[in-house]
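Below is one structure, written out as structure tokens, with a few remarks after it.
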Amino acid sequence: MASKIPHPVNIKAPHGATVMHIEWSDGHKSVYPHDILRGYCPCADCQGHSGEIKFRQGGNTEIRDIATVGNYAITITWGDRHNTGIYNFEYLRMLCQCPICKPPESPAVPSPDHHEK
Numbered sequence: 302m303a304s305k306i307p308h309p310v311n312i313k314a315p316h317g318a319t320v321m322h323i324e325w326s327d328g329h330k331s332v333y334p335h336d337i338l339r340g341y342c343p344c345a346d347c348q349g350h351s352g353e354i355k356f357r358q359g360g361n362t363e364i365r366d367i368a369t370v371g372n373y374a375i376t377i378t379w380g381d382r383h384n385t386g387i388y389n390f391e392y393l394r395m396l397c398q399c400p401i402c403k404p405p406e407s408p409a410v411p412s413p414d415h416h417e418k
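Counting in our numbering, the sequence shown runs from 302 upward without gaps.
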């Protein structure tokens, strides 16, 4: 039986904030800086088709809207109207860099200073 991926039970991204907060069904609480979410936008325009996850600098980081995609993901509409990234819950958890999600021995998501221009 496949493991059940936790899902968000509460998402907060107040107008003017620079971080998004997610409370998960397993009790975990994540904080995501908007620049990290935008830099790791999973859409094909931002990530390409290589399968390698890259950080891309730039783009408006103001969150205008967050919408659910089925029972597995969210999409974010950014201040410049970019909204094609589908952030599935597993991907969002992978972006969480807290010690619970990323023990010291596990590889971390590349840092934003390793970005494409």
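The beta-carbon is built from N, C-alpha and C at its ideal position, and this holds for glycine as well.
At a Cβ-Cβ threshold of 9 Å, P343 and H329 do not count as neighbours. DSSP, read as helix, strand or coil, puts A345 in helix.
Under DSSP, no beta-bridge partner is assigned to P315. Shown here, H322 sits in a strand according to DSSP, grouped into three states. Per DSSP, R365 is not a residue of any alpha helix (DSSP H); the beta strand (DSSP E) it occupies stretches across 364-370. Taking C-beta atoms as the reference points, I354 and I367 fail to come closer than 9 Å. Exposed is the label assigned to G352, since fewer than 16 other Cβ atoms lie within 10 Å of its Cβ.
DSSP places I377 in the strand class (E or B) of the three-state scheme. Distance from the CA atom of N384 to the CA atom of T378, rounded to whole angstroms, is 4 Å. DSSP places I337 in the uninterrupted alpha helix (DSSP H) bounded by 335-340.
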